[in-house]
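Protein chains in written order, with the working numbering: chain Z, 155 to 303; chain H, 155 to 303; chain U, 89 to 216; chain B, 89 to 216.
We treat Cβ as the ideally placed atom computed from N, Cα and C, and that holds for glycine.
Quick notes on the structure that follows.
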Ligand SMILES: Nc1ncnc2c1ncn2[C@@H]1O[C@H](COP(=O)(O)OP(=O)(O)O)[C@@H](O)[C@H]1O
Ligand SMILES: Nc1ncnc2c1ncn2[C@@H]1O[C@H](COP(=O)(O)OP(=O)(O)O)[C@@H](O)[C@H]1O
């Protein structure tokens, strides 16, 4: 069985959002994702890491932990912060709900739309963890077709 | 002062060598390195992570920790394994010295040639840590030249 | 037809965004090259706001997204904010060269229903 | 002039290496597309060894490195190993389309002193 993982830790600064996207896209490319699927993963990661930067640590730079796991046909992404947390998770998930007037409240909506599964765990003053999962749609069967003559 | 860091952990499997290269190159691109300098960094990382895969854990898959730090004009890379370690560091550093007959003994030579500084710390049965540093040759001055009209 | 052009503007830090603006009559054409996210969006907003502040005659904002390799809700937020400003002033906003990926993001957010999308710049200008 | 060609061969896992071999008389031209490192080198070695085993008449190995985007000491080790085999049998080895980066790696290892480097494939074949 194919298996790999990557654990990351970085500070919650805006330039690490694009960084996290690039790393996750490179990691995800180990599985048989299409380019369109990789784009979806990039958006989901971008939203999750942006939320750590803006919401989890609004007035300071905090630690973001990112864990990637590839197990056979499944990519699992875990993003954790130790910031202010979310009091009402159902409310947070609603489209257009945002605690910041300038923002659109679409981050969690995009994460749910673009990944197969999304779970949000949070406790005020302790932090938030997002777990997202995605399988390549056309499956992993192609990976075994090694073309050689 | 510009400052950023990235801590990584991954298993010592061959496909993570190219992976580590890509991540470090992306991280290093935050500083004002030339493309040729980025290539040098890619070789150094490739050698260091390959050594963890081949030498540190010859018969098992072990843990590799990679720490990247960008502080102003300086990139610091720290690669750590918890493998078999090196008994005689001076001997290991010699060109063409290798404990594996098929290999060339050039990895540590390339790391020293391509980085500004390299330090090797090791203890048999405990593991090995390599610390490498590099500064962009043309300095950081250019980064302040924000071009706008 | 008046004409003005910005020298490409470069982000400090890891990733780059290049924004070029071009005034064609009462149209402001904004060409974006790069990724629109949390890091780059504030500057994207700033550049457009400054142009709208200084050229009071602008009635139509045209975003050329040909080279937008990535957009998330932060980038979308800035586009929606500019849409609100220009339409409140009685103007219009269009996007051209919109990739499938960006179109999908626009669709999920509802922006696709309220903003004009044209295949290219010429089409957008012809419809002014 | 006999001729044989491999269908591109693809690595499983993260990164790809495509190796094409072409037999031109007593020459074996090996075109490498990708990164030569710890992961990809074993297959690189395998493909060349198999060709050398099956075509006993090969006297000259030509490596076309135009699309080698990366090489480290693992890739270099395989090249040196093949160099040893072909020269022991009285043959020769050349490399063509060598980038500055690859040339520097060859230089540091001493390989540049013992291996022929030609600008392109035609030059290498003319010197057979
Ligand atoms: N990591 C987090 N830490 C604290 N609060 C969060 C976090 N992620 C999301 N939230 C809360 O959930 C709300 C909705 O998030 P989201 O859908 O991403 O939209 P937006 O980022 O536009 O506000 C945020 O406004 C914030 O209050
Ligand atoms: N991380 C490590 N753990 C254990 N031994 C190591 C490690 N790195 C290097 N060595 C030792 O140092 C020697 C020289 O390493 P190097 O110069 O990279 O050449 P090579 O990989 O070709 O052997 C190796 O053969 C090995 O014995």
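Report, in whole angstroms, the separation of the C-beta atoms of residue i and residue j, which I expect to be a contact under 8 angstroms.
i                      : j                      : result
residue 140 of chain U : residue 184 of chain U : At roughly 19 angstroms, the Cβ-Cβ gap does not stay under 8 angstroms, so residue 140 of chain U and residue 184 of chain U are not in contact.
residue 169 of chain B : residue 125 of chain B : The Cβ separation is near 15 angstroms, so there is no contact.
residue 143 of chain B : residue 173 of chain B : Between residue 173 of chain B and residue 143 of chain B the Cβ distance is about 13 angstroms, and since that is not below 8 angstroms, they are no contact.
residue 254 of chain H : residue 217 of chain H : Between residue 217 of chain H and residue 254 of chain H the Cβ distance is about 21 angstroms, and since that is not below 8 angstroms, they are no contact.
residue 224 of chain H : residue 173 of chain H : Wrong, their Cβ atoms sit about 19 angstroms apart, outside the cutoff.
residue 229 of chain H : residue 160 of chain H : The Cβ separation is near 11 angstroms, so there is no contact.
Tell me which same chain residues have a C-beta within less than 6 angstroms of the C-beta of residue i, skipping the five on either side of it?
i                      : result
residue 194 of chain B : 200
residue 155 of chain U : 121
residue 201 of chain Z : 261, 264, 265
residue 162 of chain H : 220
residue 129 of chain U : 162, 163, 166
residue 133 of chain B : 166
residue 290 of chain H : 185, 186, 187
Is any non-hydrogen atom of ligand 4 found closer than 8 angstroms to the C-beta of residue i, if you look at the structure I gave you?
i                      : result
residue 206 of chain H : With respect to ligand 4, the structure shown offers nothing to examine, as its ligands consist of ligand 1 and ligand 2.
From the options, pick the residue whose C-alpha is nearest to that of residue i; which is it?
i                      : options                    : result
residue 157 of chain H : H/185, H/164, H/171        : H/185
residue 275 of chain H : H/260, H/241, H/216        : H/241
residue 165 of chain H : H/284, H/183, H/211        : H/211
residue 231 of chain Z : Z/268, Z/169, Z/188        : Z/268
residue 187 of chain U : U/210, U/159, U/178        : U/159
residue 236 of chain Z : Z/215, Z/262, Z/222        : Z/215
residue 227 of chain Z : Z/183, Z/256, Z/202, Z/217 : Z/183
residue 266 of chain H : H/254, H/285, H/223        : H/285
residue 205 of chain Z : U/106, U/176, U/127        : U/127
residue 259 of chain Z : U/207, U/210, U/198        : U/198
residue 261 of chain H : H/203, H/221, H/280        : H/203
residue 210 of chain B : B/157, B/175, B/151        : B/151
residue 175 of chain U : U/208, U/202, U/105        : U/202
residue 106 of chain U : U/113, U/123, U/114        : U/123
residue 104 of chain U : U/113, U/131, U/177        : U/131
Near residue i, what residues of its chain come up, given a Cβ to Cβ distance below 8 angstroms and the 5 sequence neighbours on each side ignored?
i                      : result
residue 179 of chain U : 146, 147, 148, 149
residue 204 of chain B : 180, 181, 182, 183, 212, 215
residue 191 of chain U : 200, 205
residue 114 of chain U : 145, 146, 147, 148, 216
residue 208 of chain B : 184, 185
residue 257 of chain Z : 208
residue 292 of chain Z : 186, 188
Taking only beta-carbon atoms, is residue i less than 9 angstroms away from chain U?
i                      : result
residue 256 of chain Z : yes
residue 237 of chain Z : no
residue 197 of chain Z : yes
residue 218 of chain Z : no
residue 304 of chain Z : Absent from the model: residue 304 of chain Z. The displayed extent of chain Z is 155 to 303, so no value can be given.
residue 99 of chain Z  : Nothing in the structure corresponds to residue 99 of chain Z, since chain Z is present only between 155 and 303.
residue 285 of chain Z : no
For chain H, check one thing: does any of its Cβ atoms lie closer than 9 angstroms to the Cβ of residue i?
i                      : result
residue 158 of chain B : yes
residue 227 of chain Z : no
residue 234 of chain Z : no
residue 153 of chain B : no
residue 230 of chain Z : no
residue 138 of chain B : no
Please work out which residues of its chain come closer than 7 angstroms, Cβ to Cβ, to residue i, disregarding the five sequence neighbours upstream and downstream, and give them in chain order.
i                      : result
residue 271 of chain Z : 286, 287
residue 198 of chain Z : 264, 265, 268, 269, 286
residue 239 of chain Z : 276, 277, 278, 279, 280, 281, 282
residue 171 of chain Z : 200, 203, 204, 207
residue 168 of chain Z : 207
residue 234 of chain H : 219, 281, 283
Looking at the C-beta of residue i, does it have a partner C-beta in chain Z at a distance below 9 angstroms?
i                      : result
residue 189 of chain U : yes
residue 159 of chain H : yes
residue 177 of chain H : yes
residue 184 of chain H : yes
residue 264 of chain H : no
residue 167 of chain H : yes
residue 168 of chain U : yes
Quick check on residue i - is its C-beta less than 9 angstroms from some C-beta in chain B?
i                      : result
residue 222 of chain H : no
residue 260 of chain H : yes
residue 156 of chain H : no
residue 276 of chain H : no
residue 190 of chain H : yes
**Request:** Report yes or no: do the region 174-182 of chain H and the region 236-249 of chain H share at least 3 C-beta pairs separated by less than 8 angstroms?
**Result:** no
**Prompt:** How about the region 189-199 of chain H and the region 264-278 of chain Z: do they share at least three Cβ pairs that are nearer than 8 angstroms?
**Reply:** no
**Item:** chain C contacts from the region 201-212 of chain H (Cβ-Cβ distance under 9 angstroms)
**Value:** As a matter of chain content, chain C is missing from the structure shown, whose protein chains are Z, H, U and B.
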